[in-house]
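Read top to bottom, the protein sequences are chains A and B.
All residue numbers for the first sequence refer to the working numbering, where the first residue is 1 and numbers rise by one.
All residue numbers for the second sequence refer to the working numbering, where the first residue is 1001 and numbers rise by one.
Only one structure is covered here, and it is reproduced in the block below.
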Amino acid sequence: MAFEPKILGIACNWCTYTGADLAGTTRLLYPQNLRVVRVMCSSRINPSFIFRAFQLGADGVFVGGCHPGDCHYNTGNLYARRRLAVTKKILEFAGLEPGRFRVEWISASEGNKFAEVVQEFTAQIKNLGPQTKLKIQK
Amino acid sequence: MSRIGVFVCHCGLNIAKTVRVSELAQFASTLPDVVVAKDYKFMCSTPGQEMIANDIKEHRLDRVIITACSPLMHEQTFRKVLAASGLNQYLLTIVNIREQVSWVTHDIEEGTSKAKALLNGAVYRARLLAPLTSRVIDVNPDVMVVGGGIAGIQAALELANTGKKVYLVEKNSTIGGHMAQFDKTFPTLDCSACILTPKMDSVLQNKNITLMTYCEVTEVKGFVGNFDITVQQKARYVDHNKCNACMTCMEKCPGKGISEWDESLVKRKAIYIPFPQAVPQKPIIDKEVCTYFLKGKCRLCEKVCEQKAIDFEQQDSFVQVKVGAVIVATGYDLMDTRPLVQYGYGKYPGVYNALEVERLFNSAGPTGGKVTLRDGKEPQTIAILHCIGSRDKNHYEHCSRVCCMYSLKFAHLFKEKTSADVYQFYIDIRAAGKGYEEFYNRVIEEDVKFIRGKAARVAQNTDEPGRLIVEAEDTITGKFVKLPVDMVVLSPAIVPRSDSKDLARLFNLSTDKQGFFMERHPKLAPLSTMSEGIFIAGVCQSPKDIPDTVAQANGAAAEALTIIVKDKMELEATTAMVNPASCSGCQNCVRVCPYGAPSFNYDKWVSEINEALCKGCGLCAAVCPSSAIIARHFTNEQVLAEMEGLMEF
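Shown next, in the form of structure tokens:
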């Protein structure tokens, strides 16, 4: 059987989550490997969430927030942007392939972009194969 | 141990087509703590809701999971079901298997397995949910309206007429805004002053309105229901309580300033009222051009004032105003077209912007309503250029919405007041509005010439010095047009006010790409903002005409009323809290919060969060190095449990 990756998404309620809803409302098709957790702002994301997701066996992790400057809470995503940039470096330092963690700014009106990102990212993770570096083996 | 009920919705075939719903319900019943799992055609319908309510009672449920459409759709609906059944509304979890599953796949295997994973995550999360209680606060019954143009005036009057107290804050020394500068209004050609000045006077007469002109908001503290706003009263150097508006001072004043009111076309005195119908009809001194302030002597106004109203010692003062809601109606600026050098504004005297032309038409304007050029001659040929800076990807992408109509109005008035030939250079004529298309047809019949093509350049006419040439491509004939004219009228983009960024910061408003204030929802909450209790009306939200502005102002007044008619109000419960036992006192939370909700208690050496200010974004929880901050409803444990559930399948 072909490898079906598990991808965890964490999405801001006001932009990317709503954009994902819009992708649905406009009936755009994308692979079903992504499972989204809704948070109120990308700034809520503690880097430990990302590490935990990989420990739990996620083959890829995706974070979606508002475009910098458009944060629903004014400045939250600017903090998120810096924090996630550092997180990405640490993940790579820990030996994880760079392509497994992706941050995108997707507004509530960008259903198209959401679907495209999911398609692209899923294909990329499929190429990378199962994630074993951080996964805790049971 | 919790007792979870799972309710899987078919949404007709919307979900059932690509997710095996009964299999999903069957799967749910095998998950930990789930005591009942059902599927039904339409969960949001009355029978669906009744079924949930009955099961809550019958199975003594303490958690409810609805597996249906997006939480943005029906979370509120189902929260009410829980509340009505005696269950805390925050014990609800929604699993989005429509927008994010069934509508984005055609494969029922894929759909069903993703739905299972999402449901599993929801069960893990639901087990850790805690009941939350909303805090109830007192509501201040007064409202502040910022901006005294037609939007602000209308909103203030509507509210005052319901008996509510309104503070109307205006930056200039008179209310009236741009509308007071206009001569006629399209498409009915009502005289602008005739319909506006009675309203301005009603504001002055209304006992419920505290008019604060020549004032600016400098600080906004507090939150919905309890705003505490600092207003700066700029020094007028005239005591308005003593002044009886005899205007003798203005006659005698030797100082000369440039009349903002007449768009810099004429001069005014240093002590002045902007225009005769100004409200309040009392002068102020323009310090920048006053002879006394510049040279240290003169004080002629003081000598002639019988009321002893002139006060050169007056200072700016600050007033604290407490209100429950705020309406921001701060209007717009016209784009400065000087940087668009190809149109020659500011270079050729024959090029005017739209507001200057409004003043030329106005009988109270610099020419007494006669259309004459700066050299006093009547123009023989006039070109009106649409879309200068708007609908232009190099400047402002938006359509300024009113320019087509006022350009048609200008054409009509030029025809009425002169014998000139009038040309319109346009991209499209947008005449959507009641009576607008009819007005367009009327202007066509008045022998106004329409050239479909955006003007590319205004140049000096080398054959006839002093005259101008408008160059454009007529996109209907495909020919290049070079039209000699005497007068060019630019219709510049309507843009956010130059100080709108400061206002956005003060009131915590978001702005869109162009810089206009953002509404909470473009369709369903066009007057609310992301800041609870702060509403927007008029062009500060986006360009619009007077009827739409007035309608918005009425709407914003009604929205503000819905807050202030209640004595008490409930606040959203999904806020952050500090566990003082774990707080290390680093104050990261205090530094990052955009709302100033966390503050530091130096006695206890811990942070404390004012729930009334907290919007629940969770930023502070993520920056807290000791995990002392708990983002309610999105706690670390809840998020991690949900992730664990999602990754199991």
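Each residue gets a CB set at the ideal place from its N, CA and C atoms; glycine is no exception.
Residue i - DSSP class collapsed to helix/strand/coil
i, result
"B/C1403", "helix"
"B/K1164", "coil"
"B/A1472", "strand"
"B/R1591", "helix"
"B/V1289", "coil"
"B/P1198", "helix"
"A/Q131", "coil"
"B/M1001", "coil"
"A/N33", "coil"
"B/D1142", "coil"
"B/V1021", "helix"
"B/E1570", "strand"
"B/L1091", "helix"
"B/H1240", "coil"
"B/T1077", "helix"
"B/Q1342", "helix"
"B/H1633", "coil"
"B/F1361", "helix"
"B/N1172", "coil"
Pair within 7 Å by beta-carbon distance, residue i and residue j
i, j, result
"B/S1070", "B/E1110", "no"
"B/G1618", "B/F1634", "yes"
"A/H67", "A/S42", "no"
"B/T1462", "B/I1388", "no"
"B/R1125", "B/A1573", "no"
"B/L1168", "B/M1179", "no"
"A/L8", "A/V61", "yes"
"B/S1085", "B/E1570", "no"
"B/V1371", "B/A1411", "no"
"B/F1182", "B/E1356", "no"
"B/Y1436", "B/M1405", "yes"
"A/K133", "A/L96", "yes"
"B/D1316", "B/D1239", "no"
"B/S1407", "B/I1384", "yes"
"B/V1231", "B/C1249", "no"
Opening and closing residue of the beta strand (DSSP E) in which residue i lies
i, result
"B/P1496", "1494-1496"
"B/Y1040", "1034-1040"
"B/V1606", "1606-1609"
"B/M1577", "1576-1578"
"B/I1097", "B/I1097 -> no beta strand (DSSP E), and no H or E assigned at all."
"B/Y1352", "1351-1353"
"B/M1212", "1209-1212"
"A/C12", "7-12"
"B/A1455", "1455-1460"
"B/D1228", "1226-1233"
"B/K1449", "1449-1452"
Any non-hydrogen atom of the ligand HEM within 6 Å of residue i CB
i, result
"B/A1156", "Among the components modelled here there is no ligand, and therefore nothing to report on the ligand HEM."
Start and end residues, alpha helix (DSSP H) containing residue i
i, result
"A/R52", "47-55"
"B/N1120", "1108-1126"
"B/M1647", "1636-1648"
"B/P1274", "First-last for B/P1274: undefined, no H or E at that position."
"B/L1613", "Element bounds for B/L1613: n/a, residue is neither H nor E."
"B/V1623", "1619-1623"
"A/T16", "16-25"
Open item on the list: For the stretch 1074-1085 of chain B, list every residue whose C-beta sits within 9 Å of some C-beta in chain C, in sequence order.
Closed with: No chain C is present in this structure, whose protein chains are A and B.
Task: Positions along the stretch 1588-1606 of chain B whose CB lies within less than 7 Å of some CB in chain A - done: V1592, P1594
- [ ] Select from the stretch 96-110 of chain A all residues with a C-beta closer than 7 Å to any C-beta belonging to chain B, and list them in chain order.
- [x] none
Open item on the list: If we require 4 or more residues per run, which alpha helix (DSSP H) segments fall completely within the stretch 87-129 of chain A?
Closed with: 111-128
Task: Within the stretch 1389-1439 of chain B, ranges of the alpha helix (DSSP H) (whole runs, at least 4 residues) - done: 1403-1417
- [ ] Mind checking the stretch 1398-1417 of chain B against chain A and listing, in chain order, the residues whose C-beta falls within less than 9 Å of any C-beta there?
- [x] none
Open item on the list: Quick check for students: name the residue ranges of the beta strand (DSSP E) that lie wholly in the stretch 1285-1333 of chain B, counting only runs of 3 or more.
Closed with: 1317-1323, 1325-1328
TODO: Could you please tell me which residues of the stretch 1003-1025 of chain B, in chain order, have their CB closer than 9 Å to any CB of chain A?
DONE: none
TODO: Could you tell me which uninterrupted beta strand (DSSP E) segments, each at least 3 residues in length, are contained entirely in the stretch 1484-1562 of chain B, listed from first to last along the chain?
DONE: 1487-1492, 1494-1496, 1534-1536
TODO: Using a Cβ-Cβ cut-off of less than 8 Å, list which residues of the stretch 1616-1646 of chain B approach chain A; keep chain order.
DONE: G1616, C1617, G1618, L1619, A1621, A1622, V1623, A1631, F1634, N1636, V1639, L1640, E1642, M1643, E1644, L1646
TODO: Just list the alpha helix (DSSP H) runs in the stretch 1041-1066 of chain B, keeping only unbroken ones of 4 residues or longer that don't cross its boundaries, in chain order.
DONE: 1046-1058
Task: Interface positions of the stretch 1112-1125 of chain B facing chain A (Cβ-Cβ less than 8 Å), listed along the chain - done: S1113, K1114, A1117, L1118, G1121
Open item on the list: Please list, in chain order, the residues of the stretch 114-133 of chain A that have any C-beta partner in chain B closer than 8 Å.
Closed with: A115
TODO: Determine which residues of the stretch 1085-1097 of chain B have a Cβ less than 7 Å from any Cβ of chain A, and write them out in chain order.
DONE: none
TODO: Please list the residues of the stretch 16-28 of chain A that have a C-beta atom closer than 7 Å to any C-beta atom in chain B, keeping them in chain order.
DONE: T18, A20, D21, A23, G24, T25, R27, L28
- [ ] Taking only beta carbons into account, state which residues of the stretch 1527-1552 of chain B come closer than 8 Å to chain A, listed in chain order.
- [x] M1530
TODO: With 7 Å as the limit, tell me which residues of the stretch 42-56 of chain A have their beta carbon closer than that to any beta carbon of chain B; keep them in chain order.
DONE: S43, R44, I45, N46, F49, R52, A53, L56
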